[in-house]
Amino acid sequence: MDLRGTMHFLVSQNSAPHKLVIAQTLMQIAMKRLEKDLSSDGSASFDVEEDEADQLKIAGESISEVERVSALAMADLKAIAECMSSSGYGKECAHIYKLFRKSIVDRGLYLLGIEKFKSSRINKMDREYLHLTIKNWLNAVKIALKSLFNGEKILCDHVFSASQTIRDACFAEITTEGAKNLFKFPELIAKNKNSPPDRIFRLLELHGAISELRPDIESIFNVELTSAIKLQALSSLQKVGGSVKTLLTNFGSSIRKDSSKTPVPGGGIHPLAQSTMSYLSSLSDYDRILTDIISIHPPIDNALFPESYFNDPTVIEAPKQAASVHLAWLILILLCKIDSKAQLYEDLSLSYLFLANNLQFIINQVQTSTLKHLLGHQWLSRHTQKIKQYALSYESVAWNRVFESLPERTTSELSYEAVKDCFKRFNAAFEQVYVKQISWIVPDGKLRDELKVSIAGKLMPVYREFYETFSTKLNADFVRISPDDLGNYLSDLFHGTRIWSSSLLQSSSHSKGCLLR
Numbered sequence: 001m002d003l004r005g006t007m008h009f010l011v012s013q014n015s016a017p018h019k020l021v022i023a024q025t026l027m028q029i030a031m032k033r034l035e036k037d038l039s040s041d042g043s044a045s046f047d048v049e050e051d052e053a054d055q056l057k058i059a060g061e062s063i064s065e066v067e068r069v070s071a072l073a074m075a076d077l078k079a080i081a082e083c084m085s086s087s088g089y090g091k092e093c094a095h096i097y098k099l100f101r102k103s104i105v106d107r108g109l110y111l112l113g114i115e116k117f118k119s120s121r122i123n124k125m126d127r128e129y130l131h132l133t134i135k136n137w138l139n140a141v142k143i144a145l146k147s148l149f150n151g152e153k154i155l156c157d158h159v160f161s162a163s164q165t166i167r168d169a170c171f172a173e174i175t176t177e178g179a180k181n182l183f184k185f186p187e188l189i190a191k192n193k194n195s196p197p198d199r200i201f202r203l204l205e206l207h208g209a210i211s212e213l214r215p216d217i218e219s220i221f222n223v224e225l226t227s228a229i230k231l232q233a234l235s236s237l238q239k240v241g242g243s244v245k246t247l248l249t250n251f252g253s254s255i256r257k258d259s260s261k262t263p264v265p266g267g268g269i270h271p272l273a274q275s276t277m278s279y280l281s282s283l284s285d286y287d288r289i290l291t292d293i294i295s296i297h298p299p300i301d302n303a304l305f306p307e308s309y310f311n312d313p314t315v316i317e318a319p320k321q322a323a324s325v326h327l328a329w330l331i332l333i334l335l336c337k338i339d340s341k342a343q344l345y346e347d348l349s350l351s352y353l354f355l356a357n358n359l360q361f362i363i364n365q366v367q368t369s370t371l372k373h374l375l376g377h378q379w380l381s382r383h384t385q386k387i388k389q390y391a392l393s394y395e396s397v398a399w400n401r402v403f404e405s406l407p408e409r410t411t412s413e414l415s416y417e418a419v420k421d422c423f424k425r426f427n428a429a430f431e432q433v434y435v436k437q438i439s440w441i442v443p444d445g446k447l448r449d450e451l452k453v454s455i456a457g458k459l460m461p462v463y464r465e466f467y468e469t470f471s472t473k474l475n476a477d478f479v480r481i482s483p484d485d486l487g488n489y490l491s492d493l494f495h496g497t498r499i500w501s502s503s504l505l506q507s508s509s510h511s512k513g514c515l516l517r
């Protein structure tokens with residue numbers, strides 16, 4: 001017969017009081033022993049050195065070991081809990097269990113680097129330290145949820161399987177404080193007042209982590225008493241999404257508000273195009289997360305997107321994900337701004353070259369990033385065609401005077417004076433173009449070659465025929481450029497070469513392929 005049964009038997013037999021006292025004393029001794037066993041059974045120490053370089057990895061392994069030892073002792077813990085409950089010490093059992101297991105959870109979170117942060121402290125962190133803290137959280141949250149909290153859930157459900165009320169209450173008290181603090185961190189980051197544009201990447205990572213873990217959060221904290229934990233995780237998800245929306249809107253505004261008035265030398269790539277495309281290329285790597293956020297928090301800018309841009313089937317071939325549409329919108333804002341920057345050039349041909357250069361740069365950035373798949377083949381084709389239009393406009397404005405200096409048809413009937421006049425006009429026109437354009441630049445090798453080939457294709461055959469027909473009839477003062485020289489001069493263009501003379505074609509010393517720089 002067990003001790004509790006003995007006590008009931010003595011009472012029914014009207015036994016002497018001192019026998020009941022002895023039985024009660026024995027019961028208390030037994031419960032003390034069970035309490036001790038409860039707080040030691042399944043325990044294991046967290047063996048982590050504070051100065052370890054890879055502390056997070058070691059902490060995760062230590063937590064896994066503690067949960068493994070606890071799982072091995074589940075049967076013993078359950079037996080102790082049932083014994084104490086059946087003896088009338090259920091309340092004491094639950095109290096001891098909660099204290100002991102909560103200390104394990106709190107210690108585990110501490111070793112994972114999960115602190116009780118406040119907004120004031122987050123705002124004071126320098127950029128590098130804040131990024132390290134976020135990186136640590138992203139790694140720690142997976143360990144905390146899938147090892148620490150999930151392990152406690154399994155253990156609590158088994159130990160108190162006889163009573164749902166007790167197991168739910170115990171699990172909630174053990175985990176609520178730590179879990180709420182864990183999932184509040186992203187919300188604090190989202191509220192950070194010091195949010196430079198690149199903070200969006202950390203926010204996207206935080207949003208992605210919570211979204212990925214939501215099924216686990218719902219599964220582990222699936223009772224009413226732990227609903228506050230799920231609400232905190234959801235609140236952080238919404239706050240982070242809202243912050244991403246704000247940063248996207250601010251980024252679009254910053255492009256529109258760029259007020260730089262200095263033309264880029266030689267029609268090169270504008271710094272705004274470089275910084276914007278670098279940002280958008282990086283953003284495109286988070287397309288799935290961006291789509292989730294923008295679907296819920298659409299930036300106001302999207303409402304300003306030209307309807308024709310959406311309806312035109314040649315614009316975005318890829319599925320019209322929210323991320324694809326918004327990134328296309330930001331590129332459109334950039335292109336409009338680049339158009340306005342082109343107006344800063346006094347030379348119209350240089351403005352067209354600037355537009356071609358910058359659009360080619362944007363397309364190159366799209367082709368070498370995830371943007372290529374988001375915007376689609378048709379978007380690329382459409383904008384590649386625009387480059388050809390800019391190139392033709394540049395060529396027409398910049399080279400027509402040179403082309404027109406030569407007769408459309410070379411005929412031996414031309415008079416000596418007419419031939420001399422043609423060479424003079426050609427020399428003057430070509431020298432003017434060459435001197436002006438030798439400092440211009442086309443960074444993209446393919447575009448540079450295409451421009452040279454196009455110019456040479458229109459100029460070289462006509463000049464070669466004219467030169468071979470009439471060059472022997474005039475002295476060197478008029479015939480200063482041979483066809484080979486002309487080819488060499490053309491090949492010298494678009495490299496951004498600095499020149500120190502206003503006349504590079506003054507004598508025959510430039511012939512035979514000799515190029516002065």
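Residues in the sequence shown are numbered from 1 upward in steps of one, following UniProt numbering. For every residue, glycine included, the Cβ atom is placed at its ideal position computed from N, Cα and C.
For a test of the three-state rule: what should DSSP assign to residue 481, helix, strand or coil? coil
Using DSSP with H/G/I as helix, E/B as strand and the rest coil, what is residue 297? coil
Nearest-angstrom Cα distance between residue 490 and residue 137? 58 Å
Rounded to a whole number of angstroms, what is the C-alpha to C-alpha distance between residue 237 and residue 102? 26 Å
Let's test the definition: count the other Cβ atoms within 10 Å of the Cβ of residue 53 and tell me whether it reaches 16, buried, or not, exposed. Any answer about residue 53 is weak, because its pLDDT of 42 lies below 50 and its placement is not dependable; what the coordinates show is given next. That one is exposed.
Helix, strand or coil: which one does DSSP assign to residue 307? In this prediction, residue 307 has a pLDDT of 49, which is less than 50 and means its spatial position is unreliable; what the coordinates show is noted afterwards. Here residue 307 sits in helix by DSSP.
With DSSP collapsed to three states, give me the class of residue 229. helix
With H, G and I counted as helix, E and B as strand and the rest as coil, what does DSSP make of residue 438? coil
Please name the residue or residues paired with residue 495 in a DSSP beta bridge. 441
May I ask you to report which of helix, strand or coil DSSP gives residue 193? coil
Just the Cα atoms here: how many angstroms apart are residue 442 and residue 463? 25 Å
Where are the alpha helix (DSSP H) runs, 4 residues long or more, that stay fully inside the segment 120–179, in chain order? 127–143, 150–159
Cβ contact check for the segment 235–252 and the segment 183–195: 3 or more pairs under 8 Å: yes
Could you tell me the alpha carbon to alpha carbon distance between residue 467 and residue 393, rounded to whole angstroms? 28 Å
Please classify residue 418 as buried or exposed, where buried requires at least 16 neighbouring CB atoms within 10 angstroms. exposed
Closer than 8 Å is the cut-off here; do at least three beta carbon pairs connect the segment 195–210 with the segment 143–152? no
Rounded C-beta distance between residue 117 and residue 197? I'm assuming under 8 Å. That belief does not hold up - the Cβ atoms of residue 117 and residue 197 are roughly 23 Å apart, past 8 Å.
Relative to the ligand MG, is the shortest distance from any of its heavy atoms to the C-beta of residue 485 smaller than 8 Å? Within the structure as shown, the ligand MG is missing, as the structure has no ligands at all.
Output the distance between the C-alpha atoms of residue 455 and residue 493, rounded to the nearest integer angstrom. 11 Å
List the whole-angstrom C-beta distance separating residue 290 from residue 328, where the pair is believed to meet the contact cut-off of C-beta under 8 Å. With a Cβ gap of about 12 Å, residue 290 and residue 328 do not count as contacting.
Separation of residue 278 from residue 488, as counted between CA atoms: 36 Å
State the Cα-Cα distance for the pair residue 155 and residue 225, rounded to the nearest angstrom. 17 Å
Quick check on residue 377: does DSSP put it in helix, strand or coil? helix
Going straight from the alpha carbon of residue 369 to that of residue 379, what length do you get? 14 Å
Taking the alpha carbon of residue 495 as the reference point, which residue from 484, 457, 452 has its own alpha carbon closest? 452
Flag residue 182 as yes if its beta-carbon sits less than 9 Å from any beta-carbon of chain B, otherwise no. Protein chain content of the structure displayed is limited to a single chain, and chain B is not contained in it.
Determine the closest residue to residue 337 out of 258, 364, 104, with distance taken between C-alpha atoms. 258
Does the beta-carbon of residue 199 have 16 or more other beta-carbons within 10 angstroms, so that it is buried, or is it exposed? buried
Span separating the alpha-carbon of residue 374 from that of residue 461: 44 Å
Could you say if the segment 160–167 and the segment 211–218 meet the contact criterion of at least three C-beta pairs nearer than 8 Å? no
Do residue 433 and residue 398 come within 9 Å of each other at the CB atom, strictly closer than that value? yes
Select from 402, 263, 194, 230 the residue whose C-alpha is nearest the C-alpha of residue 184. 230
Measure the alpha-carbon distance for residue 106 versus residue 268 and round it to whole angstroms. 57 Å
Buried versus exposed call for residue 212 [16 or more other C-beta atoms within 10 Å across all chains shown]: exposed
From this set, 413, 141, 387, which residue's C-alpha is nearest residue 111's C-alpha? 141
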